[in-house]
Structure formats: structure tokens, C-alpha cells
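Notes follow the structure.
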Amino acid sequence: MNSTRRCFVRFMMSTKALVPGASWPCSNLGPAAQILRTFRVSGTVAKKSRPVRTGYDEKPERERSLVADDDDDPFERAAREAGTKAAFDGLLDVFVRRDVRRRGHVEFIYAALRRMPDFGVEHDIAVYNKLLDVFPKEVFVPRNFIQRMFNHYPRQQECAIQVLEQMENYGLMPNVETKVLLVQIFGEKSHPMRKYQRMMYWFPKFKHANPYPVPLQLPRDPVDLARFSLNRIAHDLDARVAVYQFPSTEVSETGEKVSRPHVVGIQSPEQRRLLAEHNPSRPVFVEGPFPLWLRKTCVHYYVLRADPLPPEEKVEESIDPERSFFYPLELDLDLDRDFGDLDSFDVDEVEEGPVFAMCMAGQADQATLAKWISGLQETNPILGRTPILFRLESGPRELQQATESEPEPSAEEEPLHSQGMKQ
Numbered sequence: 001m002n003s004t005r006r007c008f009v010r011f012m013m014s015t016k017a018l019v020p021g022a023s024w025p026c027s028n029l030g031p032a033a034q035i036l037r038t039f040r041v042s043g044t045v046a047k048k049s050r051p052v053r054t055g056y057d058e059k060p061e062r063e064r065s066l067v068a069d070d071d072d073d074p075f076e077r078a079a080r081e082a083g084t085k086a087a088f089d090g091l092l093d094v095f096v097r098r099d100v101r102r103r104g105h106v107e108f109i110y111a112a113l114r115r116m117p118d119f120g121v122e123h124d125i126a127v128y129n130k131l132l133d134v135f136p137k138e139v140f141v142p143r144n145f146i147q148r149m150f151n152h153y154p155r156q157q158e159c160a161i162q163v164l165e166q167m168e169n170y171g172l173m174p175n176v177e178t179k180v181l182l183v184q185i186f187g188e189k190s191h192p193m194r195k196y197q198r199m200m201y202w203f204p205k206f207k208h209a210n211p212y213p214v215p216l217q218l219p220r221d222p223v224d225l226a227r228f229s230l231n232r233i234a235h236d237l238d239a240r241v242a243v244y245q246f247p248s249t250e251v252s253e254t255g256e257k258v259s260r261p262h263v264v265g266i267q268s269p270e271q272r273r274l275l276a277e278h279n280p281s282r283p284v285f286v287e288g289p290f291p292l293w294l295r296k297t298c299v300h301y302y303v304l305r306a307d308p309l310p311p312e313e314k315v316e317e318s319i320d321p322e323r324s325f326f327y328p329l330e331l332d333l334d335l336d337r338d339f340g341d342l343d344s345f346d347v348d349e350v351e352e353g354p355v356f357a358m359c360m361a362g363q364a365d366q367a368t369l370a371k372w373i374s375g376l377q378e379t380n381p382i383l384g385r386t387p388i389l390f391r392l393e394s395g396p397r398e399l400q401q402a403t404e405s406e407p408e409p410s411a412e413e414e415p416l417h418s419q420g421m422k423q
């Protein structure tokens with residue numbers, strides 16, 4: 001009986017009984033035929049090609065990332081409306097209250113790191129700690145030594161390292177709250193915790209390495225900022241800063257407002273002595289502007305200098321050996337020398353002319369700098385008998401105005417450099 005059923009099943013499989021859409025006479029068949037009934041498929045389904053599934057089902061980028069598109073970026077909208085610290089903290093609070101599981105927190109933190117300069121909170125340690133508080137607590141902590149051995153939750157750990165990297169780039173040292181948050185989120189043996197330990201080791205060593213630090217908050221008054229900048233450039237305790245003109249606004253007889261820029265200069269007694277010994281037949285030059293960066297602020301200064309002296313006019317000065325006991329200016333060592341030893345040191349020197357004074361002005365024009373020269377003549381009478389030439393380049397304001405308007409140069413107008421050389 002069993003052999004008869006097997007033969008019947010083989011006969012049905014060799015014929016067109018399994019063609020899609022065909023039906024089985026289940027009532028007349030045995031259990032073996034009823035089992036084969038499960039392989040029946042519809043004709044329409046068989047004609048369709050099923051997609052091949054590789055890996056996991058990838059969701060669209062818009063569904064996976066909450067801030068993937070710049071048009072839907074809440075930080076960009078908030079930065080355009082009100083780019084303040086309160087607005088940034090409000091976005092963090094909204095995201096934390098939005099979902100208990102904090103879905104999409106990695107993309108959210110990356111977007112927040114990119115937009116922090118727009119809100120002006122890139123130097124606030126409290127904001128970075130609040131950004132680390134977005135991570136779920138005690139979820140990414142390894143439970144055994146195997147998880148601790150491998151990179152447990154690498155995407156989240158890399159995101160936390162990027163937060164610490166941005167803090168390091170802006171010169172912010174983590175505090176105790178940062179350590180507590182990292183321990184609660186990733187544990188004590190995680191990669192972000194090791195990054196925190198390295199920062200706490202190296203930051204105190206290099207925090208005060210610069211002997212001339214720049215304060216975080218620069219003076220907003222242009223005169224005070226010029227005083228600070230000139231003292232930083234001169235680096236001479238005997239140098240004196242003089243304000244030749246304060247910024248002011250006056251109303252002329254025609255009713256027009258005339259603004260006068262500030263003019264601040266600096267000169268040391270040594271520079272005054274060199275200028276007094278200068279040959280009046282040789283001209284001096286007013287050159288600039290030269291940039292000086294104070295963190296993110298760029299200021300420009302001008303110098304009063306002369307050309308290097310020709311070799312026939314140079315006079316070697318004898319250095320007093322008791323001039324400075326701590327920093328000797330000349331060494332005369334009576335040592336046994338070989339025939340291959342040189343009597344002089346091989347030092348590469350660049351011949352430059354002496355700098356007699358420096359200044360900062362609110363406008364980069366010849367009329368403003370002429371007031372500086374007029375003020376210098378009171379303490380340096382030799383300037384009244386010395387020809388002064390202006391070698392001025394286009395300042396930042398002139399470049400910006402020329403880029404916006406771009407007027408065509410006329411034949412009558414001449415550049416400022418040629419005007420200064422003709423005087």
C-alpha cells in the first residue's frame with residue numbers, strides 16, 4: 001500500500017499537477033499528498049520577483065536621523081531666530097523630554113556640536129556637560145570582561161569622544177561633573193573615560209605654558225584694545241603709550257557728521273635715541289597695515305622705520321660686560337682650539353632697518369596717520385627735518401568696499417603708494 005502511494009506521488013510530481021494555480025484532489029489522496037499541499041502558490045505571486053534581503057532592513061535616511069536634513073534641522077531654525085544659550089538649552093530639554101529611550105541621540109549630538117558656534121556656547125563647559133547628559137544612563141556600561149575587552153557600543157563611544165575633542169580644541173578642561181557623567185554612561189574602563197584621563201593629565205601641564213597669555217575677554221573699547229595690542233608687540237617695560245586722538249563724532253557747519261578715528265602710538269626711549277641719531281638726509285617710511293591676531297580678533301598696526309644702514313656707515317658698538325649679569329651679551333672664552341675650529345659663529349642674519357615707533361589707527365588713510373607723525377614731532381624734533389614717505393597698502397575696510405562696489409579706476413586717481421612716494 002505504501003509503495004502504491006509513493007508511485008502515485010512521483011507520477012503527480014512528474015506531470016503538470018504542481019503547475020501554479022492547479023488544485024489537488026485532497027479527498028482522494030492520502031496523508032503524503034496532503035502534506036504536499038503546503039507547497040501550493042498562487043500564479044500571480046510566482047510571477048513576481050521577491051527582493052533579496054541583505055543584512056537588516058535599512059530605513060530611509062529621514063526616518064533614521066532626526067536632524068539629517070538641513071531644512072528640518074531645529075538648530076538651524078533656532079540659530080536664525082535667536083542664537084542664544086537659552087535657545088540652545090531649550091532644544092536639549094525638548095529632545096530629552098521627547099522620548100525616554102532617546103532615539104537618534106547620536107545624530108542629535110553631532111548636529112548640536114556643529115551648531116554650537118552659531119549660538120556662542122562653544123566655550124561653555126556647562127553646555128558640554130548638558131550635551132553629555134543626553135546619552136541614556138547605564139545602557140552602554142559593559143557588564144562582563146568580554147564586553148570590556150571589545151569596543152562596547154562603538155558608535156556611542158565615538159560620539160562622546162568627539163564631544164571631548166571639541167572641548168579640547170576650544171581649550172576647555174573637563175570638570176568633576178564631566179567625569180561623573182562619563183562614568184554613569186560608559187563606565188570607568190571605557191574609551192571616553194580614557195580620553196578624559198588624558199585630557200586631565202596634559203591640560204594642567206600646558207595651560208600656563210604661554211608666558212604671554214591673551215585674556216578670554218578682550219577690551220571692547222578701541223583705545224584700550226590698541227593699548228593692549230601695542231604693549232604686547234613692543235614688549236618693553238620702558239615704552240610709553242600715547243593717545244594722539246580719541247574717537248569722536250562732530251557736526252560740521254553744514255550739518256554733516258564728521259567722525260574722527262582713534263590714533264594710539266607707542267615708543268620706547270631706545271627707539272627715541274635711535275631716531276635722534278638718524279641721518280636727516282635719509283628718509284623714513286610709514287608702512288602698514290600689518291595684522292595682529294588676538295584669539296579671534298584681528299587688529300592692524302603701522303610702523304615708522306628706516307632702511308638698513310650701508311656697510312660703510314655702520315659703527316660697531318662696544319658692549320659693556322657689566323651691562324647685564326644675568327643675560328651676558330658677549331662671551332669671551334679662552335679655550336684650547338683645534339685647527340678645524342672656527343673663530344666665529346655661523347649665524348644667519350637678516351638685514352632690517354630700525355623701527356622708531358608703532359601706532360594703531362581707526363582708519364587706514366594718510367590723513368589719519370599724519371596726525372600720528374605730528375604728535376611724534378613733539379618728542380622727536382628731527383622728524384621736522386626728515387622726509388617721510390608713506391608706504392600704505394589697502395586695509396581690510398578698503399578691500400571690503402572695493403569688493404562690494406568695484407569702481408573703475410580713473411586716469412586722474414593714483415594709488416596711495418605712489419602718492420606717498422611723491423611727497
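Quick note: the sequence shown uses full-length UniProt numbering, first residue 1, plus one each step.
Where a beta carbon is used, it is the ideal one built from N, C-alpha and C, also for glycine.
Note down, in chain order, each residue of its chain lying with its Cβ closer than 6 Å to the Cβ of residue i, except the 5 sequence neighbours on either side.
{"i": "Phe135", "result": "Ile185"}
{"i": "Met193", "result": "Leu182"}
{"i": "Ala160", "result": "Pro192"}
{"i": "Glu351", "result": "Pro308"}
{"i": "Lys85", "result": "Val121"}
{"i": "Val141", "result": "Gly187"}
{"i": "Glu177", "result": "Asn129"}
{"i": "His152", "result": "Pro142"}
{"i": "Ala126", "result": "none"}
{"i": "Arg198", "result": "none"}
{"i": "Arg102", "result": "Pro136"}
{"i": "Phe95", "result": "Phe108"}
Report the residue from the options whose alpha carbon sits nearest the alpha carbon of residue i.
{"i": "Asp133", "options": "Phe108, His152, Glu378", "result": "Phe108"}
{"i": "Tyr170", "options": "Asp124, Met200, Gln157, Pro211", "result": "Asp124"}
{"i": "Leu225", "options": "Lys195, Gly265, Glu256", "result": "Gly265"}
{"i": "Phe246", "options": "His262, His235, Leu376", "result": "His262"}
{"i": "Leu91", "options": "Arg101, Val100, Ala79", "result": "Ala79"}
{"i": "Thr386", "options": "Lys195, Ser374, Arg98, Asp365", "result": "Ser374"}
{"i": "Glu76", "options": "Lys257, Val243, Pro117", "result": "Pro117"}
{"i": "Leu392", "options": "Ala367, Thr379, Val286, Gln377", "result": "Val286"}
{"i": "Pro283", "options": "Ala126, Ile382, Gln147, Arg97", "result": "Ile382"}
{"i": "His278", "options": "Pro74, Gly288, Val315", "result": "Val315"}
{"i": "Gln156", "options": "Gly83, Val139, Gln166", "result": "Val139"}
{"i": "residue 458", "options": "Leu294, Tyr301, Gln366, Arg323", "result": "With the chain covering 1 to 423 only, the question about residue 458 has no answer from this structure."}
{"i": "Met358", "options": "Pro154, Ala234, Ser318, Ile146", "result": "Ala234"}
{"i": "Val100", "options": "Lys137, Asp73, Met360, Arg227", "result": "Lys137"}
{"i": "Arg305", "options": "Glu313, Glu322, Phe326, Ala276", "result": "Ala276"}
{"i": "Ser394", "options": "Gln162, Leu376, Gln366, Val180", "result": "Gln366"}
{"i": "Thr368", "options": "Tyr301, Glu313, Gly384", "result": "Tyr301"}
{"i": "Val106", "options": "Asp73, Glu158, Asp221", "result": "Glu158"}
Go to residue i, then tell me how far its beta strand (DSSP E) extends in each direction, as first and last residue.
{"i": "Val286", "result": "284-294"}
{"i": "Tyr301", "result": "297-306"}
{"i": "Lys257", "result": "257-260"}
{"i": "Tyr244", "result": "240-245"}
{"i": "Glu76", "result": "No beta strand (DSSP E) holds Glu76; the alpha helix (DSSP H) holding it covers 74-82."}
{"i": "Met173", "result": "No beta strand (DSSP E) holds Met173; DSSP gives it neither H nor E."}
{"i": "Gly265", "result": "263-267"}
So, residue i versus residue j, is the Cβ gap smaller than 7 Å?
{"i": "Val241", "j": "Leu230", "result": "yes"}
{"i": "Val303", "j": "Leu292", "result": "no"}
{"i": "Glu164", "j": "Lys195", "result": "Checking the sequence shown, residue 164 turns out to be Leu, not Glu. Yes, the Cβ-Cβ distance between Leu164 and Lys195 is below 7 Å."}
{"i": "Pro289", "j": "Ala370", "result": "no"}
{"i": "Lys189", "j": "Arg148", "result": "yes"}
Given residue i, which residues of its chain have a CB within under 7 Å of its CB, disregarding the five upstream and five downstream residues?
{"i": "Leu274", "result": "Pro354, Phe356"}
{"i": "Pro269", "result": "Asp238"}
{"i": "Ser259", "result": "Thr249"}
{"i": "Met200", "result": "Pro174"}
{"i": "Val251", "result": "Lys257"}
{"i": "Gln166", "result": "Leu113"}
Taking residue i as part of the alpha helix (DSSP H), name the residues at either end of that continuous run.
{"i": "Met116", "result": "105-119"}
{"i": "Thr386", "result": "Thr386 -> no alpha helix (DSSP H), and no H or E assigned at all."}
{"i": "Ile125", "result": "125-132"}
{"i": "Thr379", "result": "366-379"}
{"i": "Val203", "result": "It is Phe, not Val, that sits at residue 203 in the sequence shown. Segment 191-206, the alpha helix (DSSP H) holding Phe203."}
My assumption, with CB atoms under 8 Å, is that residue i sits in contact with residue j. Please give the rounded CB distance.
{"i": "Phe119", "j": "Phe150", "result": "Contact flag wrong, Cβ pair sits at about 37 Å."}
{"i": "Leu131", "j": "Ala111", "result": "No, Leu131 and Ala111 are not in contact; Cβ-Cβ is about 11 Å, not under 8 Å."}
{"i": "Trp372", "j": "Tyr244", "result": "6 Å"}
Spatial neighbours of residue i within its chain, please: C-beta separation below 8 Å, excluding the five flanking residues on both sides.
{"i": "Thr379", "result": "Gln267, Arg272"}
{"i": "Asp320", "result": "none"}
Beta-carbon of residue i versus every beta-carbon of chain D: anything under 7 Å?
{"i": "His300", "result": "Among the protein chains of the structure shown there is no chain D, as only one such chain exists."}
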